[in-house]
Amino acid sequence: MLRDIKRGKDEQIDAFIALLTRVRPDIIALQGIDYDLRETALIALIDALGDAGTPYPYHFTSAPNAGQASNLDLNGNGALGDADDAHGFGRYNGMGGMAVLSRLPIQMEEIEDYTSMLWRDLSDNIYPMVDAGPFGGADVFEAHRLSSRNHWVVPIGAPDHGTLRLMTFHATPPLYDGEEDRNGRRNHDEVAFWNAYLQQSTSMQPLVLLGTANIDPKRGSGRREAIKKLLASPLLQNPFGNTPTAVFSEAMPDGLQVDYLLPSTDWKVIAQGIETSPAASRHSLLWVDIALRNP
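Below, the structure written as structure tokens:
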């Protein structure tokens, strides 16, 4: 990826930069960007965006669970070292991570990073159980993390608006497992994390919850209870209804709603849109213009 960014001749990267340059969001939560320890690839992408006239002076990223070795047989196939034995599915460390880019200052000291949270520590979790106990055994149950990538709360200083809490995540697809439905259950609980967080939070700061939940409340596979509860939250609004946001196969040409951008009800949504660029991603870019109802 770093090579392709620096070379400046990659069709996907060119399409992505063109899309960002056209939409010009003040803040963007990037999904599926590989992470490296020195943030070399991300900084190269930020530089390329700046060269195209879309500068982002502030950014945040951290290591995702994707590709981090657990040294355990998480998928229960009797072998160690599979991509699915990492704390989050990944063929290498940092595969398909996340990043936040911003024109507004990020309050780095106040960031909440729940990436290492254990699945068993989520209240009312639905961790897969079998006759012998937790799927994978007691050692796996003790160490299995909830996030397949990350769960972050990123405070951003917005002029005339105080602090905006940006909440973002990227859940595992509810597929590619066995009868235990580990991925389906994990996907459900990655979404359910936000239901629990919103219920317990005492902060009065306005928020925007956005990211890839990888679950459609009506179509496709998965356990829908958590996403339905999130969309029904009286604290949030969904400016996009049930509009599909990604096309994964010819079998479902109309796509699925798997990406969400949910401002809290503190905000008035002035405008919104979905920008599709198949050359950049099979996922669409969701955007909103917002202003506080009572500044």
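If you read the sequence shown in the numbering used here, its first letter stands for residue 1083, the second for the next number, and so on. By construction, the Cβ of each residue, glycine as well, lies at the ideal position given by its N, Cα and C atoms.
Query	Result
Determine which residues share a DSSP beta bridge with M1083 and list them.	Answer is none; M1083 lacks a bridge partner.
With C-beta atoms as the reference, is H1226 less than 9 Å away from S1144?	no
H1169 by DSSP, collapsed to three states: which one?	coil
Alpha carbon to alpha carbon, how far is P1288 from E1192? Give it in angstroms, no decimals.	15 Å
If you follow the beta strand (DSSP E) that Q1189 is in, where does it begin and where does it stop?	From DSSP, Q1189 is part of no beta strand (DSSP E); its letter is neither H nor E.
Measuring only the C-alpha atoms, how far is P1326 from A1274?	21 Å
Since P1146 and R1231 are thought to touch, with beta carbons under 8 Å apart, how far apart are those beta carbons, to the nearest angstrom?	4 Å
DSSP beta-bridge partners for G1179?	I1115
Run through the segment 1219-1291 for me and flag every whole alpha helix (DSSP H) of 4 or more residues, listed as ranges in chain order.	1220-1225, 1264-1282
How would you write the range of the beta strand (DSSP E) that V1340 sits in, first residue to last?	Here V1340 belongs to no beta strand (DSSP E), and DSSP marks it neither H nor E.
Could you compute how far the alpha carbon of Q1189 sits from the alpha carbon of G1215?	42 Å
Flag this pair as yes or no: are the beta carbons of I1115 and A1168 separated by less than 9 Å?	no
Check whether the segment 1194-1211 touches the segment 1290-1299, taking contact to mean three or more Cβ pairs, one atom from each stretch, closer than 8 Å.	no
According to DSSP, Y1138 sits in a beta bridge with which residue or residues?	DSSP output for Y1138 lists no bridge partner at all.
Going straight from the alpha carbon of F1217 to that of A1161, what length do you get?	15 Å
Let's test the definition: count the other Cβ atoms within 10 Å of the Cβ of D1371 and tell me whether it reaches 16, buried, or not, exposed.	exposed
Below 8 Å, can you find three or more Cβ-Cβ pairs linking the segment 1126-1133 to the segment 1235-1249?	no
Using DSSP with H/G/I as helix, E/B as strand and the rest coil, what is R1215?	In the sequence under discussion, the amino acid at residue 1215 is Gly, which differs from the Arg named in the question. In the structure shown, G1215 sits in a strand (DSSP, three-state: E or B).
Apart from the five residues just before and just after W1234, which ones in its own chain have a Cβ nearer than 6 Å to its Cβ?	D1195, T1250
Go through its chain and collect everything with a Cβ distance to E1272's Cβ below 6 Å, but skip five positions before and after it.	A1253
What whole-angstrom Cβ distance do A1328 and L1338 have, given they're in contact under 8 Å?	6 Å
Check whether the Cβ atoms of D1263 and P1255 lie closer than 9 Å to each other.	no
In whole angstroms, give me the CA-to-CA distance for L1343 and D1206.	25 Å
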